[in-house]
Amino acid sequence: WSRTGDMHHVRYVHKAVLLHNKNVLVIGGADSVGLNRINNILRSAELYNPSSKTWKLTSNMNIPRVGHAVATIANGSILVISGYNGSAFTNSAELYDPSTETWTLTGSVRFARDGFTASILTNGKILITGGFDYDYNILKSAEIYDPSTGVWTTTGSMNIGRDCHQACVLANGKVLVMGGHGNPEAINSSELYDPLTGIWTLTGSMNFARVFHTATKLPNGKILVAGGMGNNILQSAELYDPSTEKWTMTRNMTSQRTSHAEVLLQNGKVLVVGGWGNGAALNSTELYDPSKETWTLAGDMNHTREYHTATLLTDGKVLVAGGSHSFKCFAQQWIDTGDMINARVDHVATVLKDGKVLVTGGTNDRILADAEIYDPSTGRWKSTENMFYPRQCHAVSLLTDGKVLVSGGVSPAFLNTSELYDSDTGTWTITGQMNNPRFFHTSTLLKSGKVLIVGGKTDIGLDVNTAELYDPKTGMWTMTGDMNQARSYHTASILLNGKVLISGGYTFAPLDSAELYDPVTETWTTVRSMDYARLEHAAAVLTNGKVIVTGGYGSGYVKRAELYTSDTDTWTTTNPMNVLRKHHTASALSNGNVLVTGGYYNTEGLRSAEVYDLSTDTWITIDSMNHGRFRH
26 WSRTGDMHHV RYVHKAVLLH NKNVLVIGGA DSVGLNRINN ILRSAELYNP SSKTWKLTSN
86 MNIPRVGHAV ATIANGSILV ISGYNGSAFT NSAELYDPST ETWTLTGSVR FARDGFTASI
146 LTNGKILITG GFDYDYNILK SAEIYDPSTG VWTTTGSMNI GRDCHQACVL ANGKVLVMGG
206 HGNPEAINSS ELYDPLTGIW TLTGSMNFAR VFHTATKLPN GKILVAGGMG NNILQSAELY
266 DPSTEKWTMT RNMTSQRTSH AEVLLQNGKV LVVGGWGNGA ALNSTELYDP SKETWTLAGD
326 MNHTREYHTA TLLTDGKVLV AGGSHSFKCF AQQWIDTGDM INARVDHVAT VLKDGKVLVT
386 GGTNDRILAD AEIYDPSTGR WKSTENMFYP RQCHAVSLLT DGKVLVSGGV SPAFLNTSEL
446 YDSDTGTWTI TGQMNNPRFF HTSTLLKSGK VLIVGGKTDI GLDVNTAELY DPKTGMWTMT
506 GDMNQARSYH TASILLNGKV LISGGYTFAP LDSAELYDPV TETWTTVRSM DYARLEHAAA
566 VLTNGKVIVT GGYGSGYVKR AELYTSDTDT WTTTNPMNVL RKHHTASALS NGNVLVTGGY
626 YNTEGLRSAE VYDLSTDTWI TIDSMNHGRF RH
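Okay, here's the thing in structure tokens:
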């Protein structure tokens with residue numbers, strides 16, 4: 026992989042198409058975070074010249090759009106269809122003329138939509154299928170565009186509504202659609218459209234339900250589907266044989282990935298590029314060889330990215346453009362997503378193995394047993410089974426088997442109970458009880474798969490120095506070595522060497538002390554103290570293995586962050602943060618920086634956010650969140 030010229034606009038969820046003149050047209054998209062009701066929608070388009078490796082802006086579309094679809098007309102014009110314009114879904118369509126570099130509006134679709142597909146039929150007409158409307162109703166409808174008249178007509182509806190699916194035109198002229206969201210979970214169904222009759226018939230179902238997958242027609246006429254999201258992010262791939270109308274599994278990819286790009290190369294192999302997997306945007310790529318049904322790693326891209334495009338150039342090279350990475354965006358902006366079902370504070374949020382987010386407990390006008398799940402692909406929340414115990418100020422760890430361990434908290438009694446959530450079944454089960462009730466403690470998954478519980482407050486409100494280990498194999502808790510200092514409101518960070526760093530907290534006064542737990546010996550060692558005592562702070566482990574501790578409250582609000590280096594047992598203060606805060610969050614980004622959000626100062630929750638750049642030791646203020654929040 027080698028760098029080429031940069032586009033004029035940051036963009037993702039855009040479209041790219043190879044023109045007859047060998048240039049690549051990139052169209053629309055967004056330059057801000059999220060997929061739901063994005064505000065920064067682009068009407069711009071730009072052209073890539075493979076000979077000069079440069080981009081130039083071409084004329085803007087008449088309407089900004091994201092979630093649109095594109096198709097190449099036989100005369101070389103590019104048809105852009107529907108999508109979201111920043112305030113509503115648009116039913117408009119427009120044509121780009123490469124010879125004049127101009128856009129003209131053409132006939133409007135009957136139903137405005139997003140998350141749909143556009144397929145070029147053998148007769149030159151364009152078929153669009155499914156998607157969802159502005160109210161998130163999933164659509165069954167399909168329409169056909171006639172380039173000779175510029176008019177859309179409805180055709181037969183699919184048997185099953187679906188969005189964010191894939192479609193391929195088969196060698197016999199029929200259109201295969203597969204997977205997608207189906208009210209609202211991922212589905213495995215497939216169906217065939219016959220252009221001669223305008224009728225859809227169900228065909229074989231995929232082995233895995235999936236959405237945000239890719240589909241490619243191979244030279245042998247079979248369809249390769251790879252990755253996507255089902256019950257979790259998928260590594261699997263499968264083949265559809267039009268002669269038998271059946272799906273068969275092929276070899277798994279080397280990595281699980283969703284929101285990736287896929288392109289058929291001139292040698293008949295399939296290149297899969299980037300996407301999201303293992304909790305981060307990917308720069309890895311891999312090749313599928315249809316003759317051997319095997320995947321092999323290809324070179325890594327220079328940048329991680331998802332929601333990008335990959336376009337095969339006439340010289341056989343592949344152009345990858347745009348996309349998002351870090352905290353889901355090149356542009357540092359915030360947008361609202363779906364509201365939780367229950368407002369809450371002192372809850373815990375956990376990223377599940379499938380990339381969804383589980384929120385447990387907390388309080389509003391009562392202590393909650395409620396739990397709910399956020400789906401990043403739809404921006405929606407749904408309820409899942411309640412915990413056995415209402416609890417706030419509890420601690421949570423994601424286990425190696427994908428289950429979630431919840432321990433302790435306040436109910437309003439002080440709890441020593443713990444329970445397990447199984448995301449595959451959406452159910453809770455009671456597991457072993459801790460030896461001591463505790464709240465405001467920490468929970469850390471060790472490399473052994475056991476969970477270390479540290480400190481907190483007891484049922485009489487005293488800070489404790491005790492620690493316990495949970496063994497998922499037995500479901501039992503055992504006491505381990507005591508800390509040297511009782512504490513609550515502290516942070517726990519697992520280091521690259523497997524040891525656990527405990528920093529700060531409170532016992533009768535804010536603490537500057539820190540200590541390390543060694544899982545091999547089950548002992549604690551006092552390490553160098555921080556320069557500033559602090560509680561209600563936040564900590565994150567950086568990509569270089571250092572730990573950053575941010576904000577909090579000591580003798581007053583603490584404006585400086587500190588970096589711990591375990592090799593030398595030293596703390597180094599950073600330049601001051603831009604905003605005083607406690608009860609905030611700190612998240613390590615894949616580019617090595619740290620994102621700090623919200624918190625509390627004096628009498629209000631904060632909207633502000635800032636990024637720490639480790640390479641320059643500077644704090645950069647970014648766009649504020651839309652809502653002030655703390656203890657989030």
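With our numbering as the guide, the letters of the sequence shown map in order to residues 26 to 657. Using N, Cα and C, we set each Cβ at its ideal position, and we do this for glycine too.
With DSSP as the reference, please indicate the residues paired to Tyr-313 in a beta bridge.
-> Val-295 and Trp-320
Have a look at the DSSP bridge pairing and note the partners of Asp-266.
-> Lys-271
Count the other C-beta atoms from every protein chain shown that fall within 10 angstroms of the C-beta of Gly-348, then say buried if there are 16 or more, exposed otherwise.
-> buried
Which residues bound the beta strand (DSSP E) around Tyr-159?
-> Here Tyr-159 belongs to no beta strand (DSSP E), and DSSP marks it neither H nor E.
Can you give the beta carbon distance from His-190 to Thr-142, rounded, assuming they're within the 8 Å contact cut?
-> 6 Å
For Ala-41 and Asn-197, the rounded distance between their alpha carbons = 26 Å
Go through its chain and collect everything with a Cβ distance to Ser-351's Cβ below 7 Å, but skip five positions before and after it.
-> In this prediction, Ser-351 has a pLDDT of 42, which is less than 50 and means its spatial position is unreliable; what the coordinates show is noted afterwards. The residues are Leu-614, Ser-615 and Asn-616.
Beta-carbon spacing of Asp-297, Glu-311 below 8 Å = Correcting the residue type first, residue 297 is Val in the shown sequence and not Asp. A contact, by the Cβ cut-off of 8 Å.
Cα separation between Gly-229 and Trp-272?
-> 6 Å
Can you tell me the Cα-Cα spacing of Thr-147 and Ala-335, whole angstroms?
-> 24 Å
Where the beta strand (DSSP E) through Asp-496 begins and ends | 492-496
C-beta neighbour in chain D for Gly-570, strict 8 Å = Structure shown: chain D not included; a single protein chain is present.
Quick one: Cα of Ala-211 to Cα of Met-254, how far?
-> 7 Å
In angstroms with no decimal places, state the Cα-to-Cα distance between Gly-529 and Ala-251.
-> 46 Å
State the Cα-Cα distance for the pair Ala-396 and Pro-315, rounded to the nearest angstrom.
-> 44 Å
DSSP beta-bridge partners for Phe-237?
-> Its beta-bridge partners do not exist; DSSP assigns none.
May I ask which residues mark the beginning and end of the beta strand (DSSP E) holding Met-278?
-> Segment: none, Met-278 is in no beta strand (DSSP E) and carries neither H nor E.
Taking only the alpha-carbon atoms, compute the straight-line gap between Asp-160 and Asp-139 and give it to the nearest angstrom.
-> 11 Å
Can you tell me the Cα-Cα spacing of Thr-546 and Lys-524, whole angstroms?
-> 10 Å
Bridge partners - Ile-519, DSSP secondary structure assignment = Val-525
Met-650 beta carbon less than 8 Å from that of Gly-623 = yes
Whole angstroms is fine: what's the gap from Ser-215's alpha carbon to Lys-165's?
-> 13 Å
In whole angstroms, what is the alpha-carbon distance linking Met-501 and Glu-493?
-> 10 Å
Count the other CB atoms within 10 Å of the CB of Phe-465; is the residue buried (16 or more) or exposed (fewer)?
-> buried
To the nearest angstrom, report how far apart Thr-454 and Ile-392 are at their CA atoms.
-> 20 Å
Given that a residue counts as buried once 16 or more other Cβ atoms are within 10 Å of its Cβ, and exposed if not, what is Leu-60?
-> Because the pLDDT at Leu-60 is just 34, under 50, the model does not fix this residue reliably, and the value given afterwards should be weighed accordingly. Flag for Leu-60 reads buried.
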